[in-house]
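Have a look at the structure below before the remarks.
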Amino acid sequence: MGECKRCGSPIEAGDICENCKEEQDYIQRKNEESMFDYEPEQPTYETPKRKREMEEPEPVEEASVTQPERVEQTEPEDPFLFGEKTESKSKEFKRPKVRWVVSGLLLIVLGAAFLIYMQITSKDTLYFTMDEEGQLQFMNRAGKIVLETDREIQPTFPYEEDAKDLGPEHIGKGMQFTGELYPARVPSMEEGPTFGYINKEGEWGIEPSFQQALPFYEGRALVIKDGLRGFINVEGEMVIPADYHNAKDFKEGYAPVMVEGYWGYVNKDGDMVIEPSYEEAYHFNGGVALVKKDRRAYFIDTEGKKIMEKTFPDARAFSEGLAPVRFEEGWSFGYVDEDGNTKIKPQFVNAYPFHDGYATVCPEENKCGVINKGGHMVVEPEFESIGWFVDGLAFAFTNDRQRMVYINTKGETQFEVDAMGQGFPYYNGLVLTIKANENPEEDQNRFFFQYRNKNGEVVHEFDGL
Numbered sequence: 001m002g003e004c005k006r007c008g009s010p011i012e013a014g015d016i017c018e019n020c021k022e023e024q025d026y027i028q029r030k031n032e033e034s035m036f037d038y039e040p041e042q043p044t045y046e047t048p049k050r051k052r053e054m055e056e057p058e059p060v061e062e063a064s065v066t067q068p069e070r071v072e073q074t075e076p077e078d079p080f081l082f083g084e085k086t087e088s089k090s091k092e093f094k095r096p097k098v099r100w101v102v103s104g105l106l107l108i109v110l111g112a113a114f115l116i117y118m119q120i121t122s123k124d125t126l127y128f129t130m131d132e133e134g135q136l137q138f139m140n141r142a143g144k145i146v147l148e149t150d151r152e153i154q155p156t157f158p159y160e161e162d163a164k165d166l167g168p169e170h171i172g173k174g175m176q177f178t179g180e181l182y183p184a185r186v187p188s189m190e191e192g193p194t195f196g197y198i199n200k201e202g203e204w205g206i207e208p209s210f211q212q213a214l215p216f217y218e219g220r221a222l223v224i225k226d227g228l229r230g231f232i233n234v235e236g237e238m239v240i241p242a243d244y245h246n247a248k249d250f251k252e253g254y255a256p257v258m259v260e261g262y263w264g265y266v267n268k269d270g271d272m273v274i275e276p277s278y279e280e281a282y283h284f285n286g287g288v289a290l291v292k293k294d295r296r297a298y299f300i301d302t303e304g305k306k307i308m309e310k311t312f313p314d315a316r317a318f319s320e321g322l323a324p325v326r327f328e329e330g331w332s333f334g335y336v337d338e339d340g341n342t343k344i345k346p347q348f349v350n351a352y353p354f355h356d357g358y359a360t361v362c363p364e365e366n367k368c369g370v371i372n373k374g375g376h377m378v379v380e381p382e383f384e385s386i387g388w389f390v391d392g393l394a395f396a397f398t399n400d401r402q403r404m405v406y407i408n409t410k411g412e413t414q415f416e417v418d419a420m421g422q423g424f425p426y427y428n429g430l431v432l433t434i435k436a437n438e439n440p441e442e443d444q445n446r447f448f449f450q451y452r453n454k455n456g457e458v459v460h461e462f463d464g465l
């Protein structure tokens, strides 16, 4: 008495029992038939055959239930799935796919061309210039004049120290025509210049009535009337009365204002949200502002609370999570985070806020370089001063500020400018530079303004103001 090698049933002789032998004969017969007489249902028998080799034997009738699902599989080892019908169906769908791909690529190319065209011709950002008679004009990025006026211009050139607090985007936005209105003046020899705001049709949007007018930030513009400062909205309404002897632009919803010799902060409705108690106050950057009181510098949040207990002899604004501060030890600048932890040890005579991951530092007086956020010197300290890096380029001065170059983040000179001691950051692909006039007496101009692209090429030039 033995056992069936296939199912384990007891048998008297042989290798397999009668039931298993009958099933094997049946499968063999069907397979032989399928090789010479193909029918669409044929893959049904191949599928249960492979399954039974891996699992326990199953009745043929149960396996046939899965026939409709297996017919549409496209396994390479099954010769029946590469017949004439399947191949012709494949060709049928390939041509539309190719057409869709070509159409998609064409749309992408046209879309890119449209965006480039819009950037060149758009009036979203206009760059100020003047004609030969000193009247205000505006051009686009390509240097084409797109707006002419009969007004005279008073561009906003921030002081360098204030600029370190504001950041390049804030300054660039203020210098160019980026909003609905732009400050312009009507000169008067008797009463002094009167300022108003023009719109993008070159007409007065707000009639001239101010002693001074600055660009709009966050829907508010700082103006001077009767010697005092206040804020107007884009309709020209004095939404914050001109009651302050000093004030600064709005940034992140708050503006520093001075009351009786002390600085506080107002919101856009004119409410005094942080009481005037500081000797100096600067703009908020990332919800943190630098203030100075009792000859100590420290940082507050939008509620006027200190963000850390530490105070410092001097400091600059927070940017990208770090702030340059002067330590008592060695009287040197280093960098701290918002918890007051020292992230870059004090080692610099001067240091400035980060932008795009880089910061200007001066290990010695008039010897400035650039560090990354790890504190590593990436541009050697061989310049008198260095501006912000915007899109990988920054201005740098040498030789008593008479020579200015634009450098990359490795300190390599990209191009040189015959500067007049004032540098500006790039804004939307262009930068304003100043060229000294070689014949000031003959031309009656001390200098010229030039706009340059990122290759240093002059896109547009006009006479000085």
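With UniProt numbering, you'll find the sequence shown wraps up at 465, consecutive numbering, no jumps. Every residue, glycine too, gets a C-beta built ideally from N, C-alpha and C. If you're wondering where the values come from, they're calculated on a predicted model, not measured in any experiment.
query = Nearest to residue 320 by alpha carbon, out of 16, 242, 167?
reply = 167
Closest residue to residue 435 among 401, 408, 454 (Cα-Cα distance) = 401
request  = Could you please give me the residues that DSSP links to residue 413 through a beta bridge?
outcome  = 407
inquiry  = Using only the alpha-carbon positions, how far apart do residue 94 and residue 406 sit?
reply    = Confidence in residue 94 is poor, its pLDDT being 47 and thus under 50, which makes the residue's placement unreliable; the coordinate value appears in the next sentence. So the two alpha carbons sit approximately 53 Å from each other.
request  = Report the partner residues of residue 130 according to the DSSP bridge assignment.
outcome  = 136
query = Does the distance from the C-beta atom of residue 284 to that of residue 253 stay below 9 Å?
reply = yes
key: Whole-Å CB distance - residue 358 paired with residue 409, under 8 Å assumed   = 6 Å
ask   = What are the boundary residues of the alpha helix (DSSP H) that includes residue 171?
value = 168 to 175
task = Evaluate residue 376 with the Cβ neighbour count: other Cβ atoms within 10 Å of its Cβ, from every protein chain shown; 16 or more gives buried, anything less gives exposed.
result = Per the 10 Å Cβ criterion, exposed.
query = Alpha carbon to alpha carbon, how far is residue 140 from residue 432?
reply = 13 Å
inquiry  = Considering only DSSP beta bridges, list what residue 282 is partnered with.
reply    = Bridge partners of residue 282: none, in fact.
request  = Decide if residue 256 is buried, meaning its Cβ has at least 16 other Cβ atoms within 10 Å, or exposed.
outcome  = By the neighbour-count rule (16 or more Cβ atoms within 10 Å), residue 256 is buried.
message = Within the continuous beta strand (DSSP E) that includes residue 334, where are the two ends?
response = Its beta strand (DSSP E) spans residues 333 to 336.
task = Just the C-alpha distance for residue 348 and residue 336, rounded to the nearest angstrom, thanks.
result = 14 Å
query = If you scan the region 172 to 211 from start to end, which runs of the beta strand (DSSP E) of 3 or more residues do you find wholly inside it?
reply = Correct list: 182 to 186, 194 to 198, 204 to 210.
task = Look up residue 376 in the DSSP assignment and give the residues it is bridged to.
result = Answer by DSSP bridge pairing: none, since residue 376 is not bridged.
inquiry  = In this structure, how does DSSP classify residue 402 when only helix, strand and coil are distinguished?
reply    = coil
inquiry  = Considering Cα atoms alone, identify which of 340, 322, 350 is closest to residue 472.
reply    = Residue coverage of the chain in this structure runs from 1 to 465, which leaves residue 472 outside it and unanswerable.
query = Pick from 267, 383, 299: whose alpha carbon is nearest that of residue 366?
reply = 383
key: For residue 263: DSSP bridge partner residues   = 258, 278
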